[in-house]
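For reference, the structure is listed below as structure tokens.
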Amino acid sequence: MSLYKLTLRELQEKFTKGEVTACEIVQAYQLRINQVEPKVRAYITLTKESAMAQAEALDEKLKGWRRTMPLMGMPVAVKDNICTQNVLTTCASRMLGNFVPPYDASVIARLRGQSYLLLGKTNLDEFAMGSSTENSAFGPSRNPWNLSRVPGGSSGGSAAAVAADLCAAALGSDTGGSIRQPAACCGVVGLKPTYGRVSRFGLVAFASSLDQIGPITKDVADAAMVLGVIAGHDPLDSTSANLPVPDYAKALKKKDFKKLKVGVPREYFAEGLDPEVEQAVQAAIEEIKQLGAEIKEIALPRTDAAIATYYLIATAEASSNLARYDGVKYGLRSKETANLLDMYMKTRQEGFGPEVKRRIMLGTYALSAGYYDAYYGKAQAVRTLIRQDFEAAFREVDLIVTPVTPTPAFKLGEKSEDPLQMYLSDIYTISVNLAGNPAISVPCGFSKTGLPIGLQLIGRPFEEETLLRGAHAYEQATGWRAKRPNIR
Amino acid sequence: MAYEVVIGLEVHAQLLTQSKMFCACGTKFGLPANSQTCPICLGMPGTLPVINKKAVEMAVRTGLALQCRIGEKNRFARKNYFYPDLPKGYQISQYEAPICEQGSVEVEVGQAKKPIRIRRAHLEEDAGKNIHEAGAHGSRVDLNRAGTPLLEIVTEPDMCSADEVVAYLKQLRETLMYLEVCDGNMEEGSLRCEPNLSLRPVGQKAFGTKVELKNINSFKFVKEAIEYEIKRQTKVLNEGGKIAQETRLWDSDKGETATMRSKEEAHDYRYFPDPDLVPLSLSPEWIEELRTTLPELPGARQRRFVGEYGLPKYDAEVLTGTKAMADYFEACVRLFPQPKTVSNWVMGELLRELNNAGVSAAASPVSPERLVSLLQLVEKATISLKVAREIFPELYASGKAPEQIVQEKGLTQVSDEGALAKIIDEVIAKNHAQVEQYRGGKEAVLGFLVGQVMKSSGGKANPGKVNELLKKKLAG
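If you want it as structure tokens, here you go:
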């Protein structure tokens, strides 16, 4: 069997036993990348030489040593909004087209500490703003299941890379669904940890109170393995939680839902949900019931306010977070400018794409004197109510199950002229970011046209163990993972 | 028409922390441009701030010293504006929930005491500096200062003259220096003040239109700028004009203020809570613990100096002017319990030398022990007071022990009656006329004769002894 088809755990086992070397792993993936990447375009930057150099150094170092760390020698792709020392980090923006960070994100420092192998930096919607990867300054990525479809977004490059076997696992970031939605679109597993579970230091900020880094993997156990490495307190991120990190692999031992109450929010099965998706999700709920869960209908009454709330808070924070791109210190600086104001305006005009500009303007407006209370202030109040909805629901149930996306992956260009339609594709994922809870997307079927459909499980804050147990039990009981895309 | 002026003050105090407000970079002044920076204070993508605990501690101690209420849950906010010296495009500051609120400082102007209310004091980070060199292509930015912790202390509009502002500012500066949270250096910009000033007809309750003054970097300029601005506004109002709400820059060369930006050009800072920093919870226990670390503040120390040492109020004021000086004084008094004598020396000889050299009492080359040795030499009549005063500059400059100087120069006081009698006889012989006058009842002439004896002894004669012997001789 080709190395690239293996899960992270399978590959790790081979590597630990000494059946393959790091160099062989890199070679296998680079061959695969050479064949498939031109069609999928998952990567912005391929680190071919440094990956091979890392592999050679690792093989050299390991002679006669036991190989123990989970991600040692594992080929990983990283979303291009996560800073990697000495490796271009563009955020898919012209603004940072030449930006090479002199530091690693804290998650990268942890991976590096395990001697992982960085295969490259994956494509995204510019500054993670979008749901299709079409808002990339370097062109869109494709869905490996159907190259005329989007892979979802904003972590579309990472999801497509995992689905197309262009890496063994990937890191993404999730602000409103940016890990879970592309994972669903590409038929892979995407985990958004609890806000504060994983350090944000070195993740280029879109909306600081919502952003969270998480794994995109071939299966649930792989996600648990990566989370175990990247989770935990980081003194460089004041919002990271100072809580112990449990052994997530242990959580996977119970392969059922026994003694778990699972809530189905009625608001998530209303208008706008594609019948095929609904059917797949309902079938999954039935399966979960068969696995021992007590299914309860629950209410999340403020669901209808989530999109409006999100697009005020996220854009307000973004308008401030993106102010640093002014042409003074790094990144793009427009040439031939007359004065300071002219330099600011031309740099930002040339550097940012239309969606980023739209959100900066929305956010600036929401924070403006005279509008703050009506928009940003109100949105914060509603955010609290949405969080309270989840708190109330989780007093009754242990997990919540919902669809990830209203439809399977849409066609390239289909929604790019209609931002509102695009925003609505995040309707089932956004509330979770506002509330801060962890959630995971696992494959739960296919449309008639052969596009993957995802199931979302939502857990209590910092209870990723229950979330992973449920997702794993469902995955093991169903065979969706066996079907792989045939990339043409 | 008669107007009264209403003034409030914003003071920015740079805190004396080793590292910056939100990163581990150092805070030293005057290093090569951008040598004191890291990805965090350069505002590089993905970097995050972490609050400097020492800065919080300094802010709380200052708040306690200013009788403020300490916000147990305070939080940081972003103040958004574009400027090249502001790397993130926003300044991390505090807005809705500052760390200190509702304090008060009592100032003395003339004989009157007046409380100045503190509205708030909040933590924030400083910006960098733009450098515009003549002839250079473009401007440059030095971000060494970016991220240095500042405490912004804002009063209510409680002051009504330039003198009150100066008195408040002096007292605030002393307090900050006593707390060792700020070096108080206005020229280097570690302490910056921005008065808000408006005029209203005497008797009117409502405030007039407010003007903010910037670019004031000494006490002298504070007074000049405010007095200039009062005159300017009075003139405008008397001529039937209106005061524009604006920010004006003080030009110390011209001695006048000029418009910097109008209200219409004022920024909308779009403050909102910084999502990168969780609300700062301060436990009442920690706050109380910090309260116990507060030093005795200038006002209290002044009162104690009067009460405990029996010093005149003026002496107490001068001696408590800086913590270092007051500490110096008390160190001397512990070794030489004659407070007024010590006070005269510290305020006189020592302060003169320190001021000439621009040195703080803490760095005085003459230690309290050395000064006390000198005073003891006078006390034991080994040298005269005059000699002691004369050798003080050498004591200060050379770092030698007073005993050594006295010995080297042979300045030991002459108290030997035989030796003195000889000099006195000579003086009596030379000053016949004066001797006659004295004997005729003009006792005041004695002083002259004593002076003559002192002079011929090269200042070494013991004046008490001289007096005694001279009187005897003249009577005999």
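So the sequence lines, in the order shown, correspond to chains A and B.
Each residue of the first sequence is one higher than the one before, starting from 171 at the first, in the numbering used here.
Each residue of the second sequence is one higher than the one before, starting from 22 at the first, in the numbering used here.
All C-beta atoms in this analysis are idealised placements derived from N, C-alpha and C, irrespective of residue type, glycine included.
The structure presented is a predicted model; accordingly, all values stated were derived computationally and were not measured.
Under 9 Å Cβ-Cβ, which residues of chain A neighbour B:Y71? Counting from one through the second sequence, the residue named residue 71 of chain B turns up at place 50. It should be pointed out that residue 71 of chain B corresponds to Val in this sequence rather than to Tyr. Within chain A, the residues near B:V71 are P405, L406, D407, S408.
How about B:I264 and B:G224: do their beta carbons lie closer than 9 Å? Locating residue 264 of chain B in the second sequence gives position 243, where the first residue counts as 1. Locating residue 224 of chain B in the second sequence gives position 203, where the first residue counts as 1. Against a cut-off of 9 Å, the Cβ pair of B:G224 and B:I264 comes out as no contact.
Counting only beta-carbon separations shorter than 9 Å, does B:D289 have a partner in chain A? The residue you call residue 289 of chain B lines up with position 268 of the second sequence. Closer than 9 Å to some Cβ of chain A, the Cβ of B:D289 qualifies, so yes.
Neighbouring residues, chain B, relative to A:V374 (Cβ below 8 Å): Within the first sequence, the letter at position 204 stands for residue 374 of chain A. Near A:V374 (Cβ distances below 8 Å), the residues of chain B are P66, G67.
Contacts that A:V498 makes with chain B (C-beta to C-beta distance below 7 Å): Locating residue 498 of chain A in the first sequence gives position 328, where the first residue counts as 1. Near A:V498 (Cβ distances below 7 Å), the residues of chain B are P105, V162.
Nearest neighbour of A:T387, chosen from A:E189, A:G620, A:L241 [CA to CA]: Counted from its first residue, the first sequence places residue 387 of chain A at position 217. Answer by Cα proximity: A:L241.
Between A:R166 and chain B, is the shortest Cβ-Cβ distance under 9 Å, so that the two count as touching? Any question about residue 166 of chain A goes unanswered here, given that chain A covers just 171 to 658.
Bridge partners - B:Y111, DSSP secondary structure assignment: Counted from its first residue, the second sequence places residue 111 of chain B at position 90. Paired residues: B:N101.
Residues of the stretch 233-256 of chain A with Cβ closer than 9 Å to any Cβ of chain B, in chain order: N251, I252, C253
Just mark B:G156 as buried or exposed, buried being the case when its beta carbon has 16 or more other beta carbons within 10 Å. Taking the first residue of the second sequence as 1, we reach residue 156 of chain B at position 135. It counts as exposed.
How is A:S328 classed by DSSP in three states: helix, strand or coil? Within the first sequence, numbered from 1, the residue matching residue 328 of chain A stands at position 158. Helix at A:S328.
Residues of the stretch 357-379 of chain B with Cβ closer than 9 Å to any Cβ of chain A, in chain order: none
Pairs of beta-carbons, one from the stretch 420-429 of chain A and one from the stretch 608-621 of chain A, closer than 8 Å: are there three or more? Under the three-pair Cβ rule at 8 Å, the stretch 420-429 of chain A does not count as touching the stretch 608-621 of chain A.
Just the Cα atoms here: how many angstroms apart are A:G366 and A:A411? Working through the first sequence from its first residue, we reach residue 366 of chain A at position 196. Working through the first sequence from its first residue, we reach residue 411 of chain A at position 241. Near 5 Å, if we compare the C-alpha coordinates of A:A411 and A:G366.
Just the Cα atoms here: how many angstroms apart are B:L87 and B:P333? Within the second sequence, residue 87 of chain B is the residue found at index 66, counting from 1. Within the second sequence, residue 333 of chain B is the residue found at index 312, counting from 1. Spanning the two alpha carbons is a distance of roughly 26 Å.
Spell out the partners DSSP gives B:S219 in its beta bridges. Position 198 of the second sequence, counted from the start, is the residue given in the question as residue 219 of chain B. Answer is B:V27, bridged to B:S219.
Compare the beta carbon distance of A:G624 and A:P613 with 9 Å and say whether it is the shorter of the two. In the first sequence, residue 624 of chain A corresponds to position 454, counting from 1. In the first sequence, residue 613 of chain A corresponds to position 443, counting from 1. Yes. Within cutoff.
Span of the beta strand (DSSP E) holding B:V126? Here residue 126 of chain B corresponds to residue number 105 of the second sequence, with the count starting at 1. First-last of the beta strand (DSSP E) with B:V126: 121-130.
Let's test the definition: count the other Cβ atoms within 10 Å of the Cβ of A:L470 and tell me whether it reaches 16, buried, or not, exposed. The residue labelled residue 470 of chain A in the question sits at position 300 within the first sequence. The residue is buried, with at least 16 neighbouring Cβ atoms inside 10 Å.
Chain A contact for B:R96 (CB, 9 Å cutoff): Working through the second sequence from its first residue, we reach residue 96 of chain B at position 75. It does not; no Cβ of chain A falls within 9 Å.
Are the C-beta of B:F293 and some C-beta of chain A separated by less than 9 Å? Within the second sequence, residue 293 of chain B is the residue found at index 272, counting from 1. Yes, contact with chain A.
Less than 9 Å separating the beta-carbons of A:D389 and A:E645? Start at 1 with the first residue of the first sequence, and residue 389 of chain A comes out as number 219. Start at 1 with the first residue of the first sequence, and residue 645 of chain A comes out as number 475. Yes, Cβ-Cβ distance for A:D389 and A:E645 is below 9 Å.
Counting only beta-carbon atoms, is A:T259 nearer than 9 Å to chain B? On the first sequence, residue 259 of chain A is found 89 positions in, with the first residue counted as 1. Yes, A:T259 counts as interfacial toward chain B.
How should A:D474 be labelled, buried or exposed, when 16 other C-beta atoms within 10 angstroms of its C-beta is the threshold for buried? Taking the first residue of the first sequence as 1, we reach residue 474 of chain A at position 304. Sixteen is the threshold: since fewer than 16 other Cβ atoms of the shown chains lie within 10 Å of the Cβ of A:D474, the residue is exposed.
DSSP beta-bridge partners for A:L287? Locating residue 287 of chain A in the first sequence gives position 117, counting from the first residue. For A:L287, which the question treats as bridged, DSSP gives the partners A:P245.
Could one say the Cβ of B:V299 lies closer than 9 Å to chain A's Cβ atoms, at least one of them? On the second sequence, residue 299 of chain B is found 278 positions in, with the first residue counted as 1. Closer than 9 Å to some Cβ of chain A, the Cβ of B:V299 qualifies, so yes.
Using 10 angstroms around the beta-carbon of A:R565, count the other beta-carbons present and answer buried if the total reaches 16, otherwise exposed. Here residue 565 of chain A is taken as the residue at index 395 of the first sequence, counted from 1. With fewer than 16 Cβ atoms within 10 Å of its Cβ, A:R565 is classed as exposed.
Consider the Cβ of B:K275: report whether some Cβ of chain A lies at a distance smaller than 9 Å. Along the second sequence, read from residue 1 onward, the residue named residue 275 of chain B stands at position 254. No, because no Cβ of chain A sits closer than 9 Å to the Cβ of B:K275.
Grouping DSSP H, G and I as helix and E and B as strand, with all else coil, what is A:M395? Taking the first sequence and counting its residues from 1, the one referred to as residue 395 of chain A is at position 225. DSSP places A:M395 in helix when its eight states are reduced to three.
Just mark A:L511 as buried or exposed, buried being the case when its beta carbon has 16 or more other beta carbons within 10 Å. Sequence index remark: in the first sequence, residue 511 of chain A carries index 341 (1-based). Exposed.
According to DSSP, is B:H143 part of a helix, a strand, or is it coil? The sequence position of residue 143 of chain B within the second sequence is 122, counting from 1. Three-state result, B:H143: strand.
First and last residue of the alpha helix (DSSP H) that includes A:K516? Stepping through the first sequence from its first residue, residue 516 of chain A is reached at position 346. Here the alpha helix (DSSP H) through A:K516 covers 510-521.
Check whether A:G267 and A:D295 have beta carbons under 9 Å apart: Mapped onto the first sequence, residue 267 of chain A falls at position 97. Mapped onto the first sequence, residue 295 of chain A falls at position 125. Contact: no.
Own chain residues within Cβ distance below 6 Å of A:L258, not counting five before or after: Taking the first sequence and counting its residues from 1, the one referred to as residue 258 of chain A is at position 88. Here the set comprises T215, V270.
Buried versus exposed call for B:T314 [16 or more other C-beta atoms within 10 Å across all chains shown]: Numbered from 1 along the second sequence, position 293 holds the residue referred to as residue 314 of chain B. Classification for B:T314: exposed.
Could you check whether B:E277 and B:Y249 sit closer than 9 Å to each other, using their CB atoms as the reference points? The residue you call residue 249 of chain B lines up with position 228 of the second sequence. The residue you call residue 277 of chain B lines up with position 256 of the second sequence. Annotated as proximal: B:Y249 and B:E277, with beta-carbon spacing under 9 Å.
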